[in-house]
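Heads up: the structure comes next, in structure tokens.
Number of protein chains: 2
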Amino acid sequence: MKEWSRKVYLKLPRPCEEDHRSMQKRLLAALRDCGSFYTDKEADIRIRPLVLSECLAICEQADWQVTASLGFDGRIWELLALEPGDTTAQHYGLCADLGSTTIVMELVDLNTGETFASESVFNPQIAYGDDILTRIFYTKDHPERRRELQEVTARGFRMLIEKLLEKTGVDARQCNILTVAGNTTMMHFLLGLDAFGVFQSPYAVQTLEPEVCRGAELGIPVQGFVYLCPAMENYLGGDIISGMLATGIPDREEISVFLDVGTNGELVVGNQEFLLAGAGAAGPALEGGSVRTGMRAENGAVDRVITEHGRLKVHVIGETEAKGICGSGIVDLLAELYLNGWIDLRGRFQVAENQMEKEDGGKQFRIPGLRKCQKVDAASENDVEYAIEYAPGLCFYQSDIDEFIRTKAAAMTMVEYMMNLIGLTMEDVGRFYVAGAFGTHIDKESAVTIGMYPDIDRDKIISPGNTSLQGARKLLLDRGLREKAEENIERMQYVQFGAVEEFLEIMRAAQAIPHTDLQRFPTVERRLLERQKKIEKNS
Amino acid sequence: MKEWSRKVYLKLPRPCEEDHRSMQKRLLAALRDCGSFYTDKEADIRIRPLVLSECLAICEQADWQVTASLGFDGRIWELLALEPGDTTAQHYGLCADLGSTTIVMELVDLNTGETFASESVFNPQIAYGDDILTRIFYTKDHPERRRELQEVTARGFRMLIEKLLEKTGVDARQCNILTVAGNTTMMHFLLGLDAFGVFQSPYAVQTLEPEVCRGAELGIPVQGFVYLCPAMENYLGGDIISGMLATGIPDREEISVFLDVGTNGELVVGNQEFLLAGAGAAGPALEGGSVRTGMRAENGAVDRVITEHGRLKVHVIGETEAKGICGSGIVDLLAELYLNGWIDLRGRFQVAENQMEKEDGGKQFRIPGLRKCQKVDAASENDVEYAIEYAPGLCFYQSDIDEFIRTKAAAMTMVEYMMNLIGLTMEDVGRFYVAGAFGTHIDKESAVTIGMYPDIDRDKIISPGNTSLQGARKLLLDRGLREKAEENIERMQYVQFGAVEEFLEIMRAAQAIPHTDLQRFPTVERRLLERQKKIEKNS
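Keeping their order, the protein sequence lines are chains P and U. Note that my numbering gives residue 178 to position 178 of the first sequence, counting from 1, and the numbers run on in steps of one. Note that my numbering gives residue 1259 to position 259 of the second sequence, counting from 1, and the numbers run on in steps of one.
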């Protein structure tokens, strides 16, 4: 295992008549003597004047028994600090997932490999736009705004370092290394680069494999270096490459599907023999973004929906009054609507089939909470749509359902299209990863019910959590994985999801709950029947 | 020849559907393609985010025809700037001699190797003490004062860069490289290091071969790197090592003596087979430092003395009123005093031999300008010494003469002692270099007369000027000479001029004008006789 950071306790010989080597020579000789850590090439250790200037006083204060802190700059080692006495027991590193919404950072004990503490903050870039494109347009043709976004991003890291200090008492500024994984736009923002190429033809970005740089260059107050996980393409960023390291997909015989849905949907299918990757507009709908009452999975969000005594019952994050609904809530909601027979395969509210005569001879909806409302973009008063009031004053509209189905269909179509390309079916898949917070919070059963996950053995469906962060942690602990990451990038074949007829055909078939071909979802068919029986029994 | 700095004109392919490589890849590929300049290892080129962030706008502005400016960081190349169009014709580098009194800087055209302009400033450190020791004591145990001296030293470089801009219109801030040669203390001050070890036992300094560093690290506004010529020992600094490169002494069959007298005296004797080096207190006396009316070779300094019609006649720098006397003036003065018979071999004023009876029966000095004065540290009124008034109101005292003779004896003793060590005499010497401003200004004949230079063929006595600067220029033009410099350091054997009996014996013999053994100076003996004849003829 190759490290990014080393701490070495040195008992330096005191200068005397017979040994009046310079401080630099004395230190370098002691570092080289301290063992097998360094290959010949790596025995080249840089000591910058600023660090050298502190050494004498520290040595004299500490009776020439000191701890050297070294960082690897991507090519050679550098002495970053000298500390009095033996401080090798305190040896930490940092890793981070730089998401467009959240930045998560871990303080890792490099002696044990254990995560010592973790913190997260909202990405301060949000002030410049909720979605990435708004931020990119803000910086377009304004170099000083690019610097502003860079500064703001660095501020997020500074906040995290402060929070970690408060929580643990460990000053992360003394870390010799921070590894970061994030998508290509985030990489560009952190480095102060023009990110416009990420989204605009011909999609030539500024970098995909940036230099290891100093924390100071980026305004991140670690004494050592910052390494960004490399990206493969504009839409296949370091977060996905990091995810490959985290899951080990490229190293196994078993075939895996790796799906990361967020602002975009990124997909990898592969094993030790092949790696296909692609990205497409899986869209923010899945995270509640383009849903009228959609919101992030935070306090006030409905995150669970079940049916109890023929009525919907919701759970709200933070046990407060509901303010909206997040991704996992939507998936549950659609599953329940479908299983209850309140929406059909196409997602249409089954109003006619679900009404009963009132005593006065009028008709009444048998779907609790069903409302008839004006459309958002209604041209006239008669331009109405149905909606379900899932929580007091909060409705999920027919148009929301349609949008969500389109989006989940797009995501699943990418998977199917890619499998078709190499003649695979879902039966060949050993593991189906759904990365990110989305995968973590969603109820597997509901997701299968609405056809967002394939109807396969549930044990094969894995929600690995933040694989971007996990990969960054692996990179932190073993810089040898850099080559692995680069190798994976080399191996990956990018699949373009064009508007080809086959793709559109698959997508049309997938635009249903769970799918136009219900036979592909045998367990859903079974559940549907069971639920119908139960409903009939109760009514 | 290996360069420190390169400028390369690139016609970059414009990004398109078929070629949407990242800017970084595009640049690196173009740089690698541009030829045989780089060995495999050197093909590794760093592009820092800050530089990368500017590239797109420059490429678009310049129709993708740009000039890349690269600097060598000591290990690999780095892209330091991109400029629109073809600017390869403007390619400059800087070299400097960092002296304790003066900093000299040259702007060198790296396309032709010619010096384009040269400037000098007094070293701003002078404000902290005329002599180096005062400056070192000022910083002792005060790290913030060390930073102050560092800052002040960098200011000297900034002043020079500004002066060069004013003079030439070339902005030296765009230079990718500055090479500097200076003694070990100057090296320490420039790098902000504790210089106390230079002068205090056990003479362990902080560095002798510092890292190549960025201009920005040192507060020197060049966009590239700063390389300091390595030193051999605390008293044998980068200025001497640079001097070896300038003179080529270590590469010739012929044996050379290299003497650099300034605050200290440094000496190298050698050829392609051996290199002996030593340093000793040659002392500031030679430059007029410890002489009562001594001063630097600047406006108002007496720099030439001759005898005309039995009287001393002086030349003053700047043709102004005399304010003091500098090294070359002192050497002339002593030579004239000696040749006129006004001082003897031991440097004593020949008062008794040079007085005549006045008309009233009293006695009168026959030495024009001879005065009897109180000593500086006189214990009583009778504690007097003779002095010669060499210019109106300015005297050169017996004690000045004694001090000067001691110092020049010390310098010459170093040479003789070192020659004796390896069984050489002055007849074996092919070239006798006297480096620095001192050697340039001094009259060879006068110097031989007073025994400061050996009495050898005058063509063998060479005043090469500022060899420290010349070596820095050579290093600027060919970074391959770094290895040469390090090799010379490896080859050099340091000779300790201890208080051994042999050394003291040689020194006692040398404490005379020109030497107690006049036979060693046959041409001086001849001149003395000629002068005496002339004087007798005139009187």
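Glycine included, every Cβ here is placed at the ideal spot set by N, Cα and C.
Closer than 7 Å at the C-beta level to chain U, one finds these residues of the segment 4-23 of chain P: P15, C16, E17, H20, R21, S22, M23.
Chain-order list of chain P residues neighbouring Q1206 (chain U): S22, M23, Q24, L52, L56, by C-beta distance under 7 Å. Taking each of U:L1481, U:W1064, U:A1277 in turn and checking the Cα distance to M1492 (chain U), the smallest one comes out for U:A1277. Collapsing the DSSP output to three states places H315 (chain P) in a strand.
The secondary-structure analysis by DSSP pairs T1168 (chain U) with nothing; it has no beta-bridge partner.
Using a Cβ-Cβ cut-off of 9 Å, P143 (chain P) is close to S1053, E1054, A1057 of chain U, given in chain order.
Taking 8 Å as the upper bound for CB-CB distance, L1027 (chain U) and C1055 (chain U) are in contact here, some 7 Å apart. Using a CB distance cut-off of 7 Å, G1219 (chain U) does not count as an interface residue toward chain P.
For the segment 1407-1490 of chain U, the continuous alpha helix (DSSP H) assignments of 4+ residues that do not extend past its boundaries occur at 1436-1441, 1444-1449, 1467-1477, in sequence order. What Y1203 (chain U) touches in chain P, judged by beta-carbon distance under 9 Å, is P15, E17, H20, going in chain order.
Within the segment 1137-1182 of chain U, the runs of beta strand (DSSP E) that reach at least 3 residues and sit entirely inside it are, in chain order, 1177-1182. For Y338 (chain P), the uninterrupted alpha helix (DSSP H) segment begins and ends at 327-339.
Rounded to the nearest whole angstrom, the C-alpha separation of L1052 (chain U) and K1025 (chain U) is 11 Å. Put simply, the CB of C213 (chain P) is near chain U, with a gap under 7 Å to one of its CB atoms.
Following the DSSP letters along the chain, one finds G215 (chain P) inside the alpha helix (DSSP H) bounded by residues 215-218. The C-alpha of I1240 (chain U) is placed about 49 Å away from the C-alpha of A485 (chain P). Nearest neighbour of F432 (chain P) by Cα position, chosen from P:G423, P:G465, P:E403, turns out to be P:G465.
With respect to the C-alpha of S1118 (chain U), the residue from U:K1163, U:D1131, U:L1133 having the closest C-alpha is U:K1163. Secondary structure in the segment 1215-1279 of chain U: the alpha helix (DSSP H) runs of 4 residues or longer, each lying completely within the stretch, are 1215-1218, 1238-1247 in chain order. Think of a sphere of 7 Å around the beta carbon of L1193 (chain U): the chain P residues whose beta carbon falls inside it are P49, L52, S53, in chain order.
With its beta carbon less than 7 Å from one in chain P, R1046 (chain U) belongs to the interface. Sequence-ordered contacts of the segment 64-77 of chain P with chain U read G74, R75, I76 [C-beta pairs closer than 9 Å].
Straight-line measurement puts the Cα of D1097 (chain U) at about 30 Å from the Cα of I1450 (chain U).
If the five residues before and after R1479 (chain U) are omitted, its C-beta is found closer than 7 Å to the C-beta atoms of K1002, E1003, W1004, F1072, all from its own chain and listed in chain order. Using a Cβ-Cβ distance cut-off of 8 Å, the segment 1320-1340 of chain U and the segment 1518-1533 of chain U are in contact, since at least three pairs of beta carbons, one from each stretch, lie closer than that value. Proximity of the segment 1250-1262 of chain U to the segment 1425-1442 of chain U meets the contact definition, three or more beta-carbon pairs being nearer than 8 Å. Within chain U, no C-beta atom comes less than 8 Å from the C-beta of R32 (chain P); the nearest is roughly 15 Å away.
E1217 (chain U) and A181 (chain P) have their C-alpha atoms roughly 29 Å apart. The three-state reading of DSSP puts M1023 (chain U) in helix, counting H, G and I together.
The DSSP assignment places complete beta strand (DSSP E) segments of no fewer than 3 residues inside the segment 345-387 of chain P at 355-357, 363-365, 370-374, in order along the chain. Taken in chain order, the unbroken stretches of alpha helix (DSSP H) that lie wholly in the segment 79-139 of chain P and span 4 residues or more are 132-139. DSSP, reduced to helix, strand and coil, places C16 (chain P) within a strand of the structure shown. Per DSSP, I1047 (chain U) is one residue of the beta strand (DSSP E) stretching across 1045-1047. Contact between P124 (chain P) and G156 (chain P) holds: their C-beta atoms lie close to 5 Å from each other, under 8 Å.
About 5 Å separates the CB atoms of I1489 (chain U) and M1232 (chain U); that is less than 8 Å, so the two are in contact. D360 (chain P) has its alpha-carbon roughly 37 Å from the corresponding atom of R304 (chain P).
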